[in-house]
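Trainee: Residue numbers 21 to 238, in our numbering, belong to the letters of the sequence shown in order.
Glycine included, every Cβ here is placed at the ideal spot set by N, Cα and C.
Before anything else, here's the structure in question.
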Amino acid sequence: MDQATWNKVEAYYSERLLPNDPALEKALSNSREAGLPEIAVAPLQARFLQILASAIGAKRILEIGTLGGYSGIHLARALPDSGLLVTLEFDPKHAEVAEQSFIDAGVADKVEIRIGAALDTLPSIEGSFDLAFLDADKENNRAYCEHCLQLVRPGGLIIVDNVVRDGRVVDFSETDASVEGVRTLAEWVKDEPRLEATALQMVGAKDYDGMMITRVLP
Ligand code: SAH
Ligand code: DHB
Ligand code: MG
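Take a look at the structure:
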């Protein structure tokens with residue numbers, strides 16, 4: 021099994037399971053044209069987030085790491101009209117692209133973008149949230165998760181992107197700060213009795229990566 025097979029399977033399911041959605045295409049092309057890095061979650065993964073948020077009946081969602089709004093549109097679409105997505109973004113240019121993408125997708129009135137380093141903006145965020153999606157600088161994963169544990173309601177979910185990184189998470193000669201950040205998170209979750217957690221390995225358009233799914237115990 022190799023990347024070519026993963027890509028074929030990804031295309032196979034994308035063609036069958038994902039609706040043709042001009043707003044999502046627009047979000048990606050807006051981002052590309054503005055020169056944003058092409059690191060949004062893959063379409064099938066974004067759909068997974070949307071389904072999880074819908075399944076728990078989420079009304080308030082917190083995202084850390086907006087980029088061009090691709091994952092955010094999916095999360096916002098899981099919300100009822102009265103719902104709210106608060107999404108934190110360090111880079112004003114990313115936030116600007118995201119704002120336009122949220123408008124184009126018709127979800128802007130359910131989304132608040134907070135610009136700044138998440139560690140600075142998080143203290144001003146008031147709970148409670150049903151779901152948090154952590155997808156910013158990996159170095160701060162543990163701090164974000166710890167903070168989100170205060171903000172996410174019992175029974176709610178904290179989902180962390182990029183916890184596999186081509187398997188580098190288990191290469192202990194790897195001292196890259198983002199990989200260390202993933203391990204620091206894993207060690208913290210291991211000893212955190214208020215969370216139950218799993219990790220999903222994912223392949224496809226985003227190579228080999230994965231998400232940690234944690235649930236705040238009631
Ligand atoms: N969730 C997005 C992808 C996010 S990429 C999607 O799937 O569509 C990571 C984003 O986190 C980038 O836009 C980056 O600017 C932002 N970021 C990096 N460090 C940050 C920080 N300290 N605080 C807030 N955002 C940060
Ligand atoms: C990368 C991918 C991501 O999904 C992310 O959130 C940050 C970085 C990357 O491929 O470098
Ligand atoms: Mg990511």
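Checking the sheet assignment: what are the DSSP bridge partners for G224?
Mentor: D227.
Trainee: With DSSP as the reference, identify every bridge partner of A217, one or two as the case may be.
Mentor: BP columns for A217 point to T234.
Trainee: Let me know if F309 comes out buried or exposed under the rule of 16 or more other beta-carbons within 10 Å of its beta-carbon.
Mentor: In the structure as shown, the chain starts at 21 and stops at 238, and residue 309 therefore has no counterpart that could be examined.
Trainee: According to DSSP, simplified to helix, strand and coil, what is T25?
Mentor: In the structure shown, T25 sits in a helix (DSSP, three-state: H, G or I).
Trainee: Going straight from the alpha carbon of L104 to that of I123, what length do you get?
Mentor: If you take the alpha carbons of L104 and I123, they lie about 15 Å apart.
Trainee: Any chance the CB of Y84 is under 7 Å from a heavy atom of the ligand SAH?
Mentor: For the record, residue 84 in the displayed sequence is Ile; it is not Tyr. Yes.
Trainee: Just the residues with CB closer than 5 Å to a heavy atom of the ligand MG, in chain order, which are they?
Mentor: In chain order, the qualifying residues are D155, D181 and N182.
Trainee: Run the CB neighbour count on A152, radius 10 Å, all protein chains shown included, and call it buried at 16 or more, exposed below.
Mentor: Burial call: buried.
Trainee: Express the C-alpha separation of R67 and A24 in angstroms, rounding to a whole number.
Mentor: About 22 Å.
Trainee: The alpha helix (DSSP H) spanning G92 covers which residue range?
Mentor: Start and end: Y90 to R97.
Trainee: Pick from T234, L82 and L48: whose alpha carbon is nearest that of S144?
Mentor: That would be L82, whose Cα lies nearest to the Cα of S144.
Trainee: Are the CB atoms of G224 and A43 nearer to each other than 8 Å?
Mentor: In this structure, A43 does not lie closer than 8 Å to G224 by Cβ.
Trainee: Relative to the C-alpha of P112, which residue among G85, G92, K210 and G126 is closest?
Mentor: Selected option, being the one with the closest Cα: G85.
Trainee: Excluding the five sequence neighbours on either side, which residues of its own chain have a C-beta within less than 6 Å of the C-beta of D155, listed in chain order?
Mentor: Contacts found: G85 and D181.
Trainee: Please classify R185 as buried or exposed, where buried requires at least 16 other C-beta atoms within 10 Å of its C-beta.
Mentor: Under this definition R185 is a buried residue.
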